[in-house]
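For reference, the structure is listed below as structure tokens.
Numbering (UniProt numbering), first residue to last: 1 to 1022.
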């Protein structure tokens, strides 16, 4: 037993636990993506073996705190840091075993004192015999429930044998079943055709349309039976249309109408039909191709002789419906869903409020005006619950979660975990304190590395002449675009300064929208030597010319071949035949008819091409440019030529024809008239939209930002200067003359200038958008590049190779940010992202990617040096290797600290926003996996079989793959709450496997060279 205890508390076993935890969590995220959250929880997250891994980790950590004297004065700060993880695990345990969550749904002018549990339960009962069990059904884990009942002295076994997610009810005629109406309806407010199955007593309460089947109340449409025939009455006049002949009958309100199957009925803007009426039926469950928000548990009932199967419908988080099955002389009741839980007070909803971005359907914020009532103490208080602002009472915490589609009801998430949350928060606080103190503690390993770095002396000598020439090639394509008339500069400037309401409701300079249009259509920032502003204005003025020019990007070669286009661009004209028929119409319809998950790459490309073509036509017609403000802030602005019914007289005429006058003036070279019209549009915007318009300074800065495109301009220089500096330094290894100081200063100065421009660009984007610049994929990659360069400047003040590596890494990151699948748009924030906790969390965790990215690149540099090392230069190269490895360890340590703090601050944000600090979402899980992997990497030096420069450098390279998965893989490939929705990537770039092969080849080559060098070194020393 003593040997076993020594083994499970050893450092090698700790390393094994790190890898096992990381592997288990990684597998769980893929299980969740393929089979749903319940499957991942049943198979991994909520299993005893997974809990045992964490318990063994805690035991190992406790033992090593004492074994390595973490409570001495010199190591106390490290002790605080490691103890924080034990406190966090304790808080997580309290939350896991003693807390609960749920949701409370309240309609306006009503109250509720019950919540539906977030956990699912299955219930079976026969008379006084009952069994209820918490379950996590999935298609991988259907066998979650079993029970036995005594029925007239005979044992009857009830067990689950199957599970169907997104199940669809299918009625089957049965003499013992109940009456079923298969009802379908639609309206202008409904999304397509809506289906509903009625059984006796059911009521469909759709906004403006209540339908019931033999209900006590009198809905708009009431169905009832007479002699096994179906009849109905209506509260208003109703029409009946024969589908075959279109013959129409009209019935008065209150008439008794015999219902006919497959006849179309019209009622007050709604249309409905009865597909079938079954006097007696039972339901079977089949898999639906669409999302139904209903699942089915397949239950087998057996008495040893006879066996029957029954589907029990329900859904996670929904109130269960009871299924009754005749059994012997009684009835077996089955139910699946959330468990209703009462709270010792009630919440009354006075009003639900939803604010949208001006002219958009996108919500800016939503809130619930509620009254908290506790009769036990005579309490009645008003509260306002909104995103990131909660109500806390008697250990219950209420968060604004969602709302009803008719905006007349609210959904509040509820959390009861006061103790677990605060124990965890204490752990987070100890973690941050421990990290800060460890960085300044002179006895910490980080400070040891800093001292070691100062002691390493490497002669850096080389003479290099820096001669750099850059030629900027114009994209004018003057041969093709020579026939495009020029537009006067002042007209283009005035046009670019107009305000426009973007597609998401954001008020922005039209210059911003122009840039987005040109990028979306062509994947370029300019066309034929013209800026985006010139291109868009010219497209509206001379559409007949632009229809003939190849401006629409065709990304797939197969698609280009199918439509007869050579090259990567097609003209609008090429996509229509001589009779005006759209050549890809059938392909687009076929692609849209498939669910997104089942579309192949070619079908997706057809959809993208169709989108670009539609954008072109919207530009030609001007309908994309909402430039005329409305009187009400929530209304979408008017596009040129719109019928402005709320305006009269000259204003209405101006909206109708002002833009057309502008285009006519430009085409007729009447420049003064064109400028005058643009000024008139600007005056109109100020007159009716002044309170909505951003400041003039914000407009000027945004236009300047669009024109300069700073991040795109600097990344080639980052790459060039970083690469040249690395070349210079590698030459330095094999030369014997000192590197002139002025060359080092020049390189350092140039890179610092790029970093300052980079910083200014981030600040500018922050000012323009009004939120921290890391809310989408493009912004966060730009920020990672900035953090990597910052790390390089911090660690590379005396070590130019670090600065060069960081510059090259930043250049690559900015290059990735400008690939076609990254979206550089400045957008509004969804409500949940409006949180200072989020800003801090993302800033810190994304900065960690920069430090860890630098660590990876330093590992690559080390591998290259190992390959280049030989007997003649061993002393010099080994010195460089040791220097780079030391900086690598420091960068990885800081990166791990940032990653850890950022990950757990994300838990604080999640808890303050929607009521849970950890939910095993793929993003947070992969962040934790990265923390675990880098914890393993920085502790490798303590394990004799793992320590060494080659092993550490290899681990720093491989470890960054987990960061890439955390960032790119989760955001663009796995399902989850975290998503940069506008940056969608289909498939994997060919550069990825090529890069992996190159790195793998380098690692193998370096391993061989390192082994040969060590053998030679051992032979020489002996």
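Positions of the beta carbon are idealized from the N, C-alpha and C atoms, including for glycine.
Classify residue 582 as buried or exposed, calling it buried when 16 or more other Cβ atoms lie within 10 Å of its own Cβ.
-> The residue in question, residue 582, is exposed, as its Cβ has fewer than 16 Cβ neighbours within 10 Å.
Length of the line joining the Cα atoms of residue 372 and residue 215 | Their backbone Cα atoms lie some 33 Å apart in a straight line.
Environment of residue 1 [buried if 16+ CB atoms lie within 10 Å] = Residue 1 should be labelled exposed.
When the distance is taken between beta carbons, is residue 545 closer than 9 Å to residue 621?
-> The answer is no: Cβ separation not under 9 Å.
Tell me where the alpha helix (DSSP H) around residue 73 begins and ends.
-> First-last for residue 73: undefined, no H or E at that position.
Is the segment 902-918 close to the segment 21-36, with three or more CB pairs under 8 Å?
-> In this structure the segment 902-918 does not lie against the segment 21-36, because fewer than three pairs of beta carbons, one per stretch, are closer than 8 Å.
Can you check whether the CB of residue 350 is closer than 9 Å to the CB of residue 374?
-> For the 9 Å CB-CB criterion, residue 374 and residue 350 do not form a contact.
Between residue 652 and the rest of its own chain, which residues show a CB-CB distance below 7 Å, the 5 nearest in sequence each way excluded?
-> Apart from the 5 residues on each side of it in sequence, residue 652 sits with its Cβ closer than 7 Å to the Cβ of 644 in its chain, given in chain order.
Would you say the segment 949-965 touches the segment 845-865, given that touching needs at least three Cβ pairs under 8 Å?
-> Cβ pair count under 8 Å is three or more, so yes.
Would you check if the distance between the CB atom of residue 391 and the CB atom of residue 411 is smaller than 9 Å?
-> For the 9 Å CB-CB criterion, residue 391 and residue 411 do not form a contact.
Taking contact to mean at least 3 C-beta pairs separated by less than 8 Å, is the segment 166-173 in contact with the segment 286-295?
-> Yes, the segment 166-173 is in contact with the segment 286-295.
Own chain residues within Cβ distance below 7 Å of residue 708, not counting five before or after = So the list is empty, once near-sequence residues are dropped.
Determine the direct distance from the alpha carbon of residue 846 to that of residue 968, and round the result to whole angstroms.
-> Residue 968 and residue 846 have their C-alpha atoms roughly 12 Å apart.
Sorted by chain position, which residues of the same chain lie with C-beta nearer than 8 Å to residue 931's C-beta, five sequence neighbours on each side aside?
-> For residue 931, where only same-chain residues beyond five positions count, the Cβ hits under 8 Å are 896, 899, 900 and 903.
Since residue 887 contacts residue 799 with CB under 8 Å, what's their CB separation in whole angstroms?
-> Between residue 799 and residue 887 the Cβ distance is about 6 Å, and since that is below 8 Å, they are a contact.
Taking the alpha carbon of residue 318 as the point to measure from, which residue in 103, 187, 508 and 513 has its own alpha carbon closest?
-> The option with the nearest alpha carbon to residue 318 is 103.
Quick one: Cα of residue 604 to Cα of residue 996, how far?
-> Spanning the two alpha carbons is a distance of roughly 27 Å.
What are the boundary residues of the beta strand (DSSP E) that residue 285 is part of?
-> Residue range 270-287 is occupied by the beta strand (DSSP E) that includes residue 285.
Among 565, 686 and 510, the one whose alpha carbon lies nearest that of residue 625 | Nearest of 565, 686 and 510 to residue 625, Cα basis: 510.
Coil, strand or helix - residue 578 by DSSP | DSSP places residue 578 outside both helix and strand once states are collapsed to three, so it counts as coil.
Per DSSP, what kind of secondary structure is residue 133 in: helix, strand or coil?
-> Here residue 133 sits in strand by DSSP.
Can you tell which of 532, 574 and 558 has the C-alpha that lies nearest to the C-alpha of residue 550?
-> Comparing C-alpha distances from residue 550 to each of 532, 574 and 558 shows the shortest one belongs to 574.
Go to residue 120, then tell me how far its beta strand (DSSP E) extends in each direction, as first and last residue.
-> According to the DSSP assignment, residue 120 belongs to the beta strand (DSSP E) that extends over 110-126.
Could you please give me the residues that DSSP links to residue 342 through a beta bridge?
-> DSSP output for residue 342 lists 114 as bridge partner(s).
Residue 423 to residue 417, Cα distance in whole Å?
-> Going by C-alpha positions, residue 423 is about 10 Å away from residue 417.
Nearest to residue 933 by alpha carbon, out of 893, 908 and 378?
-> It is 893.
Anyone know if the C-beta pair for residue 726 and residue 801 falls short of 9 Å?
-> At the C-beta level, residue 726 and residue 801 come within 9 Å of one another.
Residue range of the beta strand (DSSP E) that includes residue 621 | Residue 621 -> not in any beta strand (DSSP E); alpha helix (DSSP H) instead, spanning 601-621.
Whose CA, out of 97, 659 and 866, lies closest to the CA of residue 880?
-> Per the Cα distances, 866.
Since residue 53 and residue 4 are thought to touch, with beta carbons under 8 Å apart, how far apart are those beta carbons, to the nearest angstrom?
-> 16 Å between Cβ atoms; not a contact.
Integer-rounded CB distance, given that residue 135 should sit under 8 Å from residue 144 = Yes, they are in contact, since the Cβ atoms of residue 144 and residue 135 sit about 4 Å apart, within 8 Å.
Roughly how far, in whole angstroms, is the beta-carbon of residue 439 from the beta-carbon of residue 890, given that I think they are within contact range, below 8 Å?
-> Residue 439 to residue 890, Cβ: 10 Å. No contact.
For residue 419, which residues of its own chain have a beta-carbon under 7 Å away from its beta-carbon, when the five flanking residues on both sides are left out?
-> Contacts found: 94.
Rank 764, 345, 113 and 639 by C-alpha distance to the C-alpha of residue 658 and give the top, closest one.
-> If you compare the alpha carbons of 764, 345, 113 and 639 with that of residue 658, the shortest gap goes to 639.
Per DSSP, which residues does residue 403 bridge with? Please list them.
-> DSSP lists 410 as partners of residue 403.
Measure the CB-CB distance between residue 518 and residue 526 and report whether it falls below 9 Å.
-> In contact: residue 518 and residue 526 (Cβ atoms closer than 9 Å).
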